[in-house]
Amino acid sequence: MLGNFTYCNPTKLYFGKDALDGLNVELPKYGKNVLLVYGGGSIKKNGIYDKVVAILKANGKNIFEDAGVMPNPTFKKLNEGIERAKKAKADLILAVGGGSVCDYAKAVSVSVNCGENPWKKYFIRFDEPTCDIIPVGCVLTMVGTGSEMNGGSVITNHAQKLKIGHVFGESVFPKFSILNPEFTFTLPKYQMVSGIYDIMCHILEQYFSGTDDNTSDYIMEGLLRSLIHSANVAVENPTDYEARSNIMWTATWALNTLVAKGKTTDWMVHMLGQAVAAHTDATHGMTLAAVSMPYYRHILPYGTAKFARYAVNVWNVKPEGKTESQIANEGLEVMEGWMKKIGLVMNISELGATEEMLEGIVKSTRVMTGGYKILNKQDIRAILKASL
Ligand code: NZQ
Ligand code: ZN
2 MLGNFTYCNP TKLYFGKDAL DGLNVELPKY GKNVLLVYGG GSIKKNGIYD KVVAILKANG
62 KNIFEDAGVM PNPTFKKLNE GIERAKKAKA DLILAVGGGS VCDYAKAVSV SVNCGENPWK
122 KYFIRFDEPT CDIIPVGCVL TMVGTGSEMN GGSVITNHAQ KLKIGHVFGE SVFPKFSILN
182 PEFTFTLPKY QMVSGIYDIM CHILEQYFSG TDDNTSDYIM EGLLRSLIHS ANVAVENPTD
242 YEARSNIMWT ATWALNTLVA KGKTTDWMVH MLGQAVAAHT DATHGMTLAA VSMPYYRHIL
302 PYGTAKFARY AVNVWNVKPE GKTESQIANE GLEVMEGWMK KIGLVMNISE LGATEEMLEG
362 IVKSTRVMTG GYKILNKQDI RAILKASL
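Per our numbering, the very first residue in the sequence shown carries number 2; after that it's consecutive.
Laid out in structure tokens, this is it:
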């Protein structure tokens, strides 16, 4: 049965080959000072930086830059961004990049005026902001996280060996996001498939929970089928616009809060993956891929019916003459074969995790309670061991 909920997504999207023109519509709504936030330089190589700067200038903006946002943005960098935004008296933060850049921009936006340590407030206590928030707009160049249309912001604190995401409310969602699938064509294959798995995992985190009949589960099966199909095409031909545009759109729907409404969710793969990243700084989607199979096999006995439904409806497993458990396990085998085929990393050793790190990773893993089994320390240890 659907639980009670309210639903509102305030982010305006511009999608397609001409999406960047949307900046001309949005920029006049904000003051003159724009903090342009970006990563390690890919946007300078592929020409997106020049296009964005030209539009900012044509709209009479004062441009202040905050470059060098790293994948898995850090609390240290956040403090730097807060200072830059203050100095610029930023009226708008324009994030041009992937999830890391968008997440970071949101973290800066709620921290500039918060008057206390933002790590403690937002990432330990999970408070909502009570101060003025600087509006954020995004030009997306890497697909996967859904950050373009949600309130998620994930920050890594290396000193504390923690990577923590705060899912902020509507006030922190980007005001607008520009989604041009062509902007993702220059992504290295490693990043592309990592993003594809991030999308799949977001859907599964919301799918593998609950036993009720829920509209969201049917929507998610459709999203998964589209994603698998488009991923197969994009891996063969990364500049296939049809496939890349479908992947981009699926990513947004996978985590723009819609499919979670009225249902319970899991999120344990992300908790495990984030703990691995806190110790290795590995690429987000790959950390998820590397722990997924051991996790799903561990919880399958507690949610067999849903895993069997997944096998049939998403992976086309033939159910005739098989037990529910056989069907469920076959679904995971097919999924595992597909993951290997598209080039995902299937163990955490390849991401730099070692046996010696294991206890630390167990300690860094937050336990969520919406999945088919609430994990204890032994469960987490066993899953991570099987992921090595
Ligand atoms: O830094 P540059 O030089 O731009 O290079 C980036 C980066 O190295 C590169 N890249 C991006 N667009 C490119 C490109 N290279 C060539 N051509 C392009 N068009 O790709 C690399 C990865 O970028 P990043 O932004 O780190 O990737 P992603 O979008 O996967 O974001 C990962 C971060 O988002 C968080 C993750 O934990 C991680 O910190 N997440 C955010 C979520 C949310 N907001 O809801 C949910 C997710 O589960 C996730 O946790
Ligand atoms: Zn994710």
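C-beta: ideal position from N, C-alpha, C; glycine also. Please read these numbers as outputs of a predicted model, since none were measured by experiment.
Any idea if residue i is buried or exposed, counting beta-carbon neighbours within 10 angstroms, 16 or more meaning buried?
i    : result
R126 : exposed
V368 : exposed
Q207 : buried
C202 : buried
M2   : exposed
A458 : Lying before the first or after the last residue shown, residue 458 is absent from the chain, which here runs from 2 to 389.
P29  : exposed
If residue i and residue j are in contact, beta carbons under 8 Å, what's the gap, nearest whole angstrom?
i    : j    : result
M143 : G82  : Incorrect: roughly 19 Å between the Cβ atoms, too far for contact.
A312 : I328 : 5 Å
A106 : A96  : 4 Å
T265 : G371 : 4 Å
L352 : A291 : 6 Å
Y31  : P136 : 6 Å
D104 : V155 : 5 Å
F169 : K13  : With 8 Å as the limit, F169 and K13 do not qualify as a contact, their Cβ atoms being about 18 Å apart.
Would you report the Cα separation of residue i and residue j, rounded to the nearest angstrom?
i    : j    : result
A354 : H280 : 7 Å
Y303 : R85  : 49 Å
L385 : T185 : 32 Å
S148 : F16  : 15 Å
A383 : S43  : 39 Å
F65  : L24  : 17 Å
P119 : T146 : 22 Å
N5   : K262 : 8 Å
L163 : D267 : 20 Å
A20  : F209 : 34 Å
R298 : A252 : 25 Å
I343 : D67  : 34 Å
S112 : S172 : 13 Å
I197 : A283 : 16 Å
M358 : K378 : 15 Å
T366 : W316 : 30 Å
T212 : R310 : 11 Å
D241 : D199 : 20 Å
E334 : A59  : 54 Å
A387 : P295 : 6 Å
M336 : I381 : 22 Å
Is residue i helix, strand or coil when you go by DSSP?
i    : result
T157 : strand
V92  : Here residue 92 turns out to be Asp, not Val, going by the sequence shown. Note: D92 maps to coil in three-state DSSP.
K33  : coil
G286 : helix
N114 : coil
L180 : strand
E66  : strand
V57  : Looking at the sequence shown, residue 57 is not Val but Leu. Looking at L57 - three-state DSSP - the assignment turns out to be helix.
G152 : coil
Y242 : helix
For the ligand MN, I want to know if residue i counts as a neighbour, meaning its beta carbon is within less than 6 Å of at least one of the ligand's heavy atoms.
i    : result
D133 : No copy of the ligand MN occurs in the structure displayed; its ligands are the ligand NZQ and the ligand ZN alone.
Quick one: what's residue i bridged to in DSSP?
i    : result
H299 : H299 pairs with nothing; no bridge assigned.
Any beta carbon of chain C sitting closer than 7 Å to that of residue i?
i  : result
C9 : In the structure shown, chain C does not exist; there is a single protein chain.
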